[in-house]
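Q:
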Amino acid sequence: MRKLKITLAVISLVLVVACLAGGLYFLSAVNEARAELPKIDAAAGQLSAPPTEILAADGTPLYRVSGELREYVPLAEIPKVVQNAMIAAEDRRFYDHRGVDYKAILRTVFVNTRDWKVAQGGSTLTMQLAKQLSSKGERTFGRKVHDMALATAMESGGMTKQRILELYLNQVYFGGHAYGVKAAAEVFFGKQLAKLTVSEAAFLARLVRRPSNWKDLYRNQKLLQAATDNRNVVLGIMLGDKMIDQAQYDRAIAEEPALNKRPPKSSARILMAPYFVTHVLDLVRRELPDIDLKAGGYKIETTLDPALQQLAEREVRRVVALYRRRKVTTAAFVMMNSEGQILAEVGGAEFEKNQYNMVYQGRRQPGSSFKPFMYATALAAGVVHMDDYISNERITFPAPPGGEAYSPQNSNSKYGGDLPLRLAFAISVNIPAVRTIAKVGPRKVVETAHEAFGFVSPLDPVLPLALGASAVNPLEMAQGYSVFMLRGDRATPYAIKRVLNPDGEVIKEYGPNIKRNVMDAHVCEEIDQLMRGVIEYGTGTRAKIVPNARGKTGTTSENRDAWFCGYSDGLLGIGWIANERRPDPNGPPVYDPMESTVFGGNVTVQFWASVMKAAHDKYGTRFATSIKPSTGVNVAPAPALAPDQAGQPVNGKSKMGPVGGDDASDADLPSTAPDDKVPPKTAPDQPPTPPPEPVIQYVEAEVCADSGMLATPYCPETVVRRFRKGEEPKGVCPIHKG
Numbered sequence: 009m010r011k012l013k014i015t016l017a018v019i020s021l022v023l024v025v026a027c028l029a030g031g032l033y034f035l036s037a038v039n040e041a042r043a044e045l046p047k048i049d050a051a052a053g054q055l056s057a058p059p060t061e062i063l064a065a066d067g068t069p070l071y072r073v074s075g076e077l078r079e080y081v082p083l084a085e086i087p088k089v090v091q092n093a094m095i096a097a098e099d100r101r102f103y104d105h106r107g108v109d110y111k112a113i114l115r116t117v118f119v120n121t122r123d124w125k126v127a128q129g130g131s132t133l134t135m136q137l138a139k140q141l142s143s144k145g146e147r148t149f150g151r152k153v154h155d156m157a158l159a160t161a162m163e164s165g166g167m168t169k170q171r172i173l174e175l176y177l178n179q180v181y182f183g184g185h186a187y188g189v190k191a192a193a194e195v196f197f198g199k200q201l202a203k204l205t206v207s208e209a210a211f212l213a214r215l216v217r218r219p220s221n222w223k224d225l226y227r228n229q230k231l232l233q234a235a236t237d238n239r240n241v242v243l244g245i246m247l248g249d250k251m252i253d254q255a256q257y258d259r260a261i262a263e264e265p266a267l268n269k270r271p272p273k274s275s276a277r278i279l280m281a282p283y284f285v286t287h288v289l290d291l292v293r294r295e296l297p298d299i300d301l302k303a304g305g306y307k308i309e310t311t312l313d314p315a316l317q318q319l320a321e322r323e324v325r326r327v328v329a330l331y332r333r334r335k336v337t338t339a340a341f342v343m344m345n346s347e348g349q350i351l352a353e354v355g356g357a358e359f360e361k362n363q364y365n366m367v368y369q370g371r372r373q374p375g376s377s378f379k380p381f382m383y384a385t386a387l388a389a390g391v392v393h394m395d396d397y398i399s400n401e402r403i404t405f406p407a408p409p410g411g412e413a414y415s416p417q418n419s420n421s422k423y424g425g426d427l428p429l430r431l432a433f434a435i436s437v438n439i440p441a442v443r444t445i446a447k448v449g450p451r452k453v454v455e456t457a458h459e460a461f462g463f464v465s466p467l468d469p470v471l472p473l474a475l476g477a478s479a480v481n482p483l484e485m486a487q488g489y490s491v492f493m494l495r496g497d498r499a500t501p502y503a504i505k506r507v508l509n510p511d512g513e514v515i516k517e518y519g520p521n522i523k524r525n526v527m528d529a530h531v532c533e534e535i536d537q538l539m540r541g542v543i544e545y546g547t548g549t550r551a552k553i554v555p556n557a558r559g560k561t562g563t564t565s566e567n568r569d570a571w572f573c574g575y576s577d578g579l580l581g582i583g584w585i586a587n588e589r590r591p592d593p594n595g596p597p598v599y600d601p602m603e604s605t606v607f608g609g610n611v612t613v614q615f616w617a618s619v620m621k622a623a624h625d626k627y628g629t630r631f632a633t634s635i636k637p638s639t640g641v642n643v644a645p646a647p648a649l650a651p652d653q654a655g656q657p658v659n660g661k662s663k664m665g666p667v668g669g670d671d672a673s674d675a676d677l678p679s680t681a682p683d684d685k686v687p688p689k690t691a692p693d694q695p696p697t698p699p700p701e702p703v704i705q706y707v708e709a710e711v712c713a714d715s716g717m718l719a720t721p722y723c724p725e726t727v728v729r730r731f732r733k734g735e736e737p738k739g740v741c742p743i744h745k746g
């Protein structure tokens, strides 16, 4: 008996010492945990942080970024039945303990010992929240003690039960990317939080122990039944604890779970301008790789004009739909101002089907829209001048070493004579362009394109470069055309103004990047006037609705690409269309020919002109103030409409032969130039004394036999008629424009 008493005394002493040691250890752990409270507060604050947003120039949200489905909601807006369901499922004594439920822990120890297995249990809502916010996820005894200590420190440190419950209900993971009860209601039931039934609240509450993917529940009947059984357990607890009455219980038990058939995949939502948004995200990831946009709270302020963006998207879709029968299946458009700010960006016709952004990811041959860069190089080098005539005769260039001879072609197969540079440019005749690059040298053009105009795409130093044989992207074209618009300065396009962190501090700021004097201002103004001719009497007459427009068309071989590039009063736009298909969804696109009647000057120009006119109506000349003053380039009349300039015989032979341009269907000119001057006529039987009658001058023009307007290559029958000078038709045939 004495021996037994001694044994019991020793055991008691050991237990007392162990309890004292454990208590001291736990108190020490609690004191250490108190040092983590500021971090817990910060982590809790992040839960209510707004999502990262991409904003338009006027503050309109374009995109909300989050890798999780989570939307913070205050406790007052969480239905009481949802609060009670979670307490019933996870922590029935939540309002009775101070962070740790020792009764529940002892019960768990007893059950685990009795059943000889480790069962989950004993963790309070506060302990679970402590674990979630402290990011200590390992399942060890030390972690369990840490959770208990931190939970005790949280509640003894002044964090109220209401605050703990609010944070828990917004932080806990339910599965299916859903964090928090608001997201869970949307993912699993497709409902607003306030509309959850008692049954649905209990169903969600039990998912916390074993978060399930929505697809698993929807497709696996056994898993769904297990989740329903768990719901019934929660409902029984709620009934026993008087959280619901018998009638509510009976209705909830009888209710079959009606899962959402189309849950959202993430809370990252593109609200508008999808191609522009993906462009901005790529820029941020590349230039600021260390920031975590998914953490929330960041703001990315951009240059986008949302009204112009929406118009650009509508117009691109409209034109593609209108010409789909002519095999136009995709298009792209980008607009910037004189500072380089991108105001609108459409990288394709259907973002839902194809996220490939042609504006900055793609490269395509620009066709004759590249000619301004070649002619600028030639004018700067002095090998051609504005008043020059250039031969339009056929020519074959000898084969280079290892190559083949090159014989450039005009698209409508019309050759002969000499053309004024202004006319050759306006109606985009190929032979004069290739003759010009042969004079200045392809390598010189490549050098100028890279150094002065900012191209980064590789350009082949070959004669077909004059016709846009090397692939480039629309942003490069925009940067290059800005040199002409700014009369020698170059504006680099940019999409982002500022990036701000969650504290509102500016991480990075962007502004105009203008490189000064990359090209002689006088040369740029000469090209400017050549491009004005394109609009007035060349291949781009459909752009006349845009005030002060300058531009250039470009259509590549077999009509695989059609461009319209140009600007007006500090606003610059680049448009492109093509016939794109993707035989392999994960592979590169393939571009097939469009119909032969599709050109930059009759299709692409339509959305270009619509958006540019709207921009001009909105901004006027606001962005033209930074453009250098004119150098005084003489604005000559349209060569084909001034016979005394363009049709004067030289050595008895007309200087102009048949005209062939790459966008011939868009030309606002007859396919042959007017003949020589007609000698003046006087009235017969004049008396000798009166003064002679005024001299009447006549001109001849080829017109459509149907409409009487200037003939196009599509007019089935044409005639040459004589008109009094000034009374000849100025517009092209409206019936047969192609």
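Anchor point for the sequence shown: position 617 equals 625 in our numbering, and the numbering is continuous, going up by one each time. Using N, Cα and C, we set each Cβ at its ideal position, and we do this for glycine too.
Helix, strand or coil, according to DSSP, for G573 in the structure here?
A: Correcting the residue type first, residue 573 is Cys in the shown sequence and not Gly. Correct three-state label for C573: strand.
Q: In chain order, what residues of the same chain have a beta carbon less than 6 angstroms from the beta carbon of K755, not counting five sequence neighbours either side?
A: In the structure displayed, the chain extends from 9 to 746; residue 755 sits before or after that span and is not available.
Q: Near R371, which residues of its chain fall below 7 angstroms by C-beta distance, leaving aside the five closest residues on each side in sequence?
A: S465, A479, V480, N481
Q: With the cut-off set at 8 angstroms, would you say A96 and I261 are in Cβ contact?
A: no
Q: With DSSP collapsed to three states, give me the class of P69.
A: strand
Q: Would you call the region 587-597 and the region 610-623 in contact, with 3 or more CB pairs under 8 angstroms?
A: no
Q: Within the chosen definition, does the region 524-543 reach the region 331-349 through at least 3 CB pairs nearer than 8 angstroms?
A: With the cut-off at 8 angstroms, the region 524-543 and the region 331-349 do not touch.
Q: Using a 10 Å radius around the Cβ and a threshold of 16 neighbouring Cβ atoms, would you call V491 buried or exposed?
A: buried
Q: Reducing DSSP to helix, strand and coil, say where P282 ends up.
A: helix
Q: Rounded to whole angstroms, what is the Cα-Cα separation between V8 and L215?
A: Residue numbering for the chain in the displayed model covers 9 to 746; residue 8 lies beyond these limits and cannot be assessed.
Q: Which stretch, first to last residue, makes up the alpha helix (DSSP H) that contains Y545?
A: 529-545
Q: Which of the three DSSP states, helix, strand or coil, is assigned to F405?
A: strand
Q: Quick check on DSSP: helix, strand or coil for F749?
A: In the structure displayed, the chain extends from 9 to 746; residue 749 sits before or after that span and is not available.
Q: Grouping DSSP H, G and I as helix and E and B as strand, with all else coil, what is K505?
A: strand
Q: Buried or exposed for E736, please, with buried defined as at least 16 other CB atoms from any protein chain shown within 10 angstroms of its CB.
A: Answer is buried; the Cβ neighbour count reaches 16.
Q: Using 10 angstroms around the beta-carbon of A266, count the other beta-carbons present and answer buried if the total reaches 16, otherwise exposed.
A: With fewer than 16 Cβ atoms within 10 Å of its Cβ, A266 is classed as exposed.
Q: Among residues of its own chain, excluding the 5 on either side of H393, which ones have a beta-carbon nearer than 8 angstroms to its beta-carbon?
A: L387, L429
Q: Look at the Cβ atom of K762, then the Cβ atom of G449, and state whether they are nearer than 8 angstroms.
A: What the structure shows of the chain is the stretch from 9 to 746, and residue 762 is not part of that stretch, so it cannot be assessed.
Q: Could you tell me whether the region 409-423 touches the region 345-359, using the rule of 3 or more Cβ pairs below 8 angstroms?
A: no
Q: In this structure, how does DSSP classify G668 when only helix, strand and coil are distinguished?
A: Because the pLDDT at G668 is just 45, under 50, the model does not fix this residue reliably, and the value given afterwards should be weighed accordingly. In this structure, G668 counts as coil in the three-state DSSP scheme.
Q: From what residue to what residue does the beta strand (DSSP E) around R589 run?
A: 579-589
Q: Could you tell me the boundaries of the beta strand (DSSP E) in which D104 lies?
A: No beta strand (DSSP E) contains D104, which DSSP labels as neither H nor E.
Q: Using a Cβ-Cβ distance cut-off of 8 angstroms, determine whether F615 contacts chain B.
A: Note that chain B does not occur in the displayed structure, where there is just one protein chain.
Q: In the DSSP output, what is V553 paired with across the bridge?
A: Sequence inspection shows Ile at residue 553; the Val mentioned does not correspond to that position. BP columns for I553 are empty, so no partner.
Q: Can you tell which of S419, E513, A384 has its C-alpha closest to the C-alpha of F461?
A: It is A384 whose Cα lies nearest to the Cα of F461.
Q: By alpha-carbon positions, which one of Q369, V437, N420, P409 ends up nearest to N400?
A: V437
Q: How big is the Cα-Cα spacing for L316 and F284?
A: 13 angstroms
Q: Output the distance between the C-alpha atoms of G559 and E85, rounded to the nearest integer angstrom.
A: Straight-line spacing of the CA atoms in G559 and E85 works out to 58 angstroms.
Q: Report yes if the CB atom of A159 is closer than 8 angstroms to the CB atom of L351, and no otherwise.
A: no
Q: What are the residues that DSSP puts in a beta bridge with E309?
A: L63, R506
Q: From which residue to which residue does the beta strand (DSSP E) around V598 run?
A: 598-600
Q: With R214 as the anchor, note down where its alpha helix (DSSP H) starts and where it stops.
A: 206-215
Q: Mark R540 as exposed unless 16 or more other C-beta atoms lie within 10 angstroms of its C-beta, in which case mark it buried.
A: Counting C-beta atoms within 10 angstroms of its own C-beta, R540 has 16 or more neighbours from the protein chains shown and is therefore classed as buried.
Q: Are the region 97-113 and the region 253-260 touching, with three or more C-beta to C-beta distances below 8 angstroms?
A: No, the region 97-113 is not in contact with the region 253-260.
Q: Cβ atoms of A551 and G574: under 8 angstroms apart, would you say?
A: Contact: yes.
Q: For the candidate residues P58, L133, V206, D313, whose alpha-carbon lies nearest to that of H105?
A: L133
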